[in-house]
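To convert, note that position 386 of the sequence shown is 387 in the numbering used here; the numbers rise steadily by one, no gaps. See structure below.
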Amino acid sequence: MDSTTVSLALCAPSTFDYPNMFAVEFSNIEASLVENFSTYVSDLYYNHNPELWVEDATFCNVTLSYTHPGVGDLVIVESWLPILWNGRFQALGGGGWSGGRTAEAMVGMAGAMGSDAAITTDAGLGHEELPLDWALLSPGNVNLQALNNLGSKSLDEQAIIGKHLIQSFYGQQPRYSYFNGCSQGGRQGLQLAQRYPEHYDGIAAAAPGIYWSQFFHAMLWTQVVMNEMGEYPYPCELDYLQNAVIEKCDAEDGLEDGIIMDPHSCDFDPFSLVGIAFNCHDTGNNMQLSNAAATVARAFHDGARASDGEHLWHGPHWGSNLTMTIFGTPGMAATDCSTGSCVGLPFGYGLFWVGLFALKDPEWNFQNMTREEYSRVFRLAAHEYSSIYGTDDPNLDLFRDAGGKIISFHGLLDDICPTGGTEQYYKEVWKRDENVHDFFRYFEVPGVGHCAGGPGGQPNRVFAALRAWVENGTAPDSIPIDVPRLPPSQTRVICPYPQKVQVDAEDPERFYCAGPSGCSPRDS
């Protein structure tokens, strides 16, 4: 692709004017030249891309501030415009409760500085990644404007502003526009396809936090089960069960490598190990696996259920970590036994959602929540917030008709945002459009956690596959992935749903995709 070079002198506020946007009032624009910018960019944070070193990049940092009149918010959008530009525009998504412009988002911005024009927005929430300071206007009153900004509005504005700045700086519109994000960023990507289908040619949306209320509520499920039992297993018991899962199901794919290729088919019964003795790393002594530990593990895997037994939401696959997330924080079934007796450690993100948004009560005490209340609040919150934040509309007709392409991957060891939600959404889109594979492909990734981490390697060639699909019409029938933990590093593949990766029985170094490719989503 041909590149465009602009004069350094253009990096000045006078080069840029404000875009004409309804219900938006701009307050400030800054432009500063950044030269000799060099940094390392990890593929753990520059989603969908390989690690790289950015060396001696020169770009114009343009930062705009604006508000929505009568609301009292302040949104900041930051764009990095390289002096040597390849004609591409890449918007970077956020994570957690952040719209972007956090430390992690800026890693993505740095990665794009290879030659893409890049943009990120804080969605009016500043640099905070938690909602404690903005969720409630007062007890009982949710800050719906802030939630709506994060949910969708800021995404529309980010795209419009970014393209306007590009036109002002380079004198032309981008040839190709992309959105790149994981988790919250993955949700943002799918929200763009659903609500603003003409903004981007390609969307890379990993581990998308869609069905937001359901999966955030489900984060508390195993803690509800423990509270109901009045028993809290030692972490070592749940770690023992996780290792037992790998021992039982690892070799079913033909390789013993610590990676369960198809956890869907892993038939594991935690109760079969109750009473078995093992060495507990928490106490340094032998202990027998408790029935409570097996109950928690089963609940974790099966997913949230109502008091009447109705299945409410998906659970993580067997092999996912119960006690610790990939970020080193306590997991969904974490307990603390440091005082000699164990107590539950509810996952903070779930507490924030249920306490601040579902119940709108900053003083809410999770320990008092019964299964009946859990079931009731689960349903009510899903209804209340679906239109604002659910991001689960399967109608992508306008995005398809605009020629857009989506690639979404989801790690099969994701303990935070289970893959079942993404699979459910993809099936819903497929039911509406039997040719969904022509514009949207979903890849399940064995051995990978939430966005990153795990023994399965990092899906860092996804963005290249998306570009090839958008710009050359080359649809990805598989995407290579390197598994560096194996001696030596081994290249495998990830496969478009509903196909699954297979190991060649005669050549364990060869991996390929197989399984149904054109069946109905009802049969997959």
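Even glycine gets a Cβ: it sits at the ideal position worked out from N, Cα and C. Everything numeric in this text was worked out from a predicted model, so none of it was measured.
For the beta strand (DSSP E) that residue i lies in, which residues bound it at each end?
{"i": "VAL25", "result": "Careful: VAL25 lies outside any beta strand (DSSP E) and carries neither H nor E."}
{"i": "ILE204", "result": "203 to 207"}
{"i": "VAL297", "result": "From DSSP, VAL297 is part of no beta strand (DSSP E) but of the alpha helix (DSSP H) over 292 to 303."}
{"i": "TYR513", "result": "508 to 515"}
{"i": "LEU137", "result": "137 to 139"}
{"i": "ARG493", "result": "491 to 497"}
{"i": "VAL502", "result": "501 to 505"}
{"i": "VAL484", "result": "480 to 484"}
{"i": "ALA278", "result": "278 to 280"}
{"i": "MET288", "result": "287 to 289"}
Among the options, which has the Cα closest to the Cα of residue i?
{"i": "TYR46", "options": "ALA160, ALA207, PHE400", "result": "ALA207"}
{"i": "PHE353", "options": "PRO363, GLY345, GLN500", "result": "PRO363"}
{"i": "LYS428", "options": "ASP393, SER66, GLU248, ASP416", "result": "ASP393"}
{"i": "LEU148", "options": "ALA294, THR40, PHE269, TYR390", "result": "TYR390"}
{"i": "ASP505", "options": "GLY255, GLN173, ALA453", "result": "GLY255"}
{"i": "GLY276", "options": "MET288, HIS265, GLN425", "result": "MET288"}
{"i": "GLY404", "options": "THR340, GLY109, PRO20, ASN473", "result": "ASN473"}
{"i": "GLN215", "options": "ASN322, TYR386, ASN280, ASP258", "result": "TYR386"}
{"i": "PRO517", "options": "GLY100, PRO485, ASP478", "result": "ASP478"}
{"i": "HIS411", "options": "ALA32, LYS432, HIS318, PHE358", "result": "HIS318"}
{"i": "ARG1", "options": "LEU137, ARG89, GLN159", "result": "Nothing can be reported for residue 1: it is not among the residues displayed for the chain, which extend from 2 to 525."}
{"i": "LEU93", "options": "LEU131, CYS183, GLN224", "result": "CYS183"}
{"i": "GLY528", "options": "GLY329, ASN21, GLN146, ALA300", "result": "Since the displayed the chain opens at 2 and closes at 525, residue 528 lies outside it and no answer follows."}
{"i": "MET220", "options": "HIS438, SER8, PRO489, ASP415", "result": "ASP415"}
{"i": "LEU274", "options": "LEU357, MET325, ALA111, ALA245", "result": "ALA245"}
{"i": "GLY88", "options": "SER178, GLY210, GLU373, LYS249", "result": "SER178"}
{"i": "TYR233", "options": "ARG468, ARG462, LEU85, THR336", "result": "THR336"}
{"i": "ARG377", "options": "GLU311, PRO20, THR420", "result": "GLU311"}
{"i": "GLU192", "options": "GLU229, ALA252, SER388, ALA106", "result": "Sequence inspection shows Gln at residue 192; the Glu mentioned does not correspond to that position. Out of GLU229, ALA252, SER388, ALA106, SER388 has the C-alpha closest to the C-alpha of GLN192."}
{"i": "ALA194", "options": "PHE60, TYR171, LYS406, GLY231", "result": "LYS406"}
{"i": "ALA466", "options": "TYR443, PRO488, PRO485", "result": "TYR443"}
{"i": "PHE440", "options": "ASP398, ASN461, GLY285", "result": "ASP398"}
{"i": "ASN181", "options": "PRO140, VAL446, TRP222, MET107", "result": "MET107"}
{"i": "VAL7", "options": "ILE408, TYR350, CYS61", "result": "CYS61"}
I believe residue i touches residue j by the beta-carbon criterion, under 8 Å. Please report the beta-carbon distance rounded to the nearest angstrom.
{"i": "GLU26", "j": "PRO70", "result": "5 Å"}
{"i": "SER153", "j": "ARG196", "result": "5 Å"}
{"i": "GLN185", "j": "GLY125", "result": "Not confirmed; about 14 Å, so no contact."}
{"i": "CYS281", "j": "CYS343", "result": "With 8 Å as the limit, CYS281 and CYS343 do not qualify as a contact, their Cβ atoms being about 12 Å apart."}
{"i": "ASP303", "j": "GLY316", "result": "5 Å"}
{"i": "ASP123", "j": "ILE77", "result": "5 Å"}
{"i": "GLN459", "j": "ASP117", "result": "Between ASP117 and GLN459 the Cβ distance is about 20 Å, and since that is not below 8 Å, they are no contact."}
{"i": "PHE23", "j": "SER169", "result": "Incorrect: roughly 19 Å between the Cβ atoms, too far for contact."}
{"i": "ASN48", "j": "GLY109", "result": "7 Å"}
{"i": "THR68", "j": "LEU75", "result": "6 Å"}
{"i": "PRO264", "j": "LEU242", "result": "The Cβ separation is near 14 Å, so there is no contact."}
{"i": "ILE261", "j": "ASP268", "result": "Not quite, the Cβ-Cβ distance comes to about 12 Å (not below 8 Å), so this is no contact."}
{"i": "ALA58", "j": "MET114", "result": "4 Å"}
How far does the alpha helix (DSSP H) with residue i in it extend, from its first residue to its last?
{"i": "GLY320", "result": "Unbroken run through GLY320: none, as it is neither H nor E."}
{"i": "GLN195", "result": "185 to 196"}
{"i": "LEU357", "result": "Per DSSP, LEU357 belongs to no alpha helix (DSSP H) and is neither H nor E."}
{"i": "ILE162", "result": "155 to 171"}
{"i": "ASP402", "result": "398 to 402"}
{"i": "ASN149", "result": "145 to 149"}
{"i": "VAL378", "result": "372 to 386"}
{"i": "ALA465", "result": "463 to 473"}
Let me know if residue i comes out buried or exposed under the rule of 16 or more other beta-carbons within 10 Å of its beta-carbon.
{"i": "THR492", "result": "exposed"}
{"i": "HIS128", "result": "exposed"}
{"i": "GLN173", "result": "exposed"}
{"i": "THR121", "result": "buried"}
{"i": "PRO509", "result": "exposed"}
{"i": "ALA104", "result": "exposed"}
{"i": "ARG511", "result": "exposed"}
{"i": "LYS432", "result": "exposed"}
{"i": "HIS451", "result": "buried"}
{"i": "TYR201", "result": "buried"}
{"i": "ASP240", "result": "buried"}
{"i": "GLU31", "result": "exposed"}
{"i": "ALA13", "result": "exposed"}
{"i": "THR371", "result": "exposed"}
{"i": "ARG523", "result": "Residue confidence for ARG523 is low, a pLDDT of 43 falling below 50, so the modelled location carries little weight and cannot support an answer."}
{"i": "LEU138", "result": "exposed"}
{"i": "GLN368", "result": "exposed"}
{"i": "GLU79", "result": "buried"}
{"i": "ALA10", "result": "exposed"}
{"i": "SER521", "result": "Note on SER521: pLDDT 49, under 50, position unreliable in the model; no value is reported."}
{"i": "ALA359", "result": "buried"}
Quick check: is the beta carbon of residue i nearer than 7 Å to any beta carbon in chain D?
{"i": "GLU199", "result": "In the structure shown, chain D cannot be found, because there is only a single protein chain."}
* To do: May I have a chain-ordered list of the alpha helix (DSSP H) segments no shorter than 4 residues that lie completely inside the stretch 406 to 445?
  => 420 to 433
* **Residue ranges of each alpha helix (DSSP H) within the stretch 66 to 131, 4 or longer** => 104 to 113
* Residue ranges of each alpha helix (DSSP H) run of no fewer than 4 residues wholly in the stretch 216 to 247, ordered along the chain? -> 222 to 230
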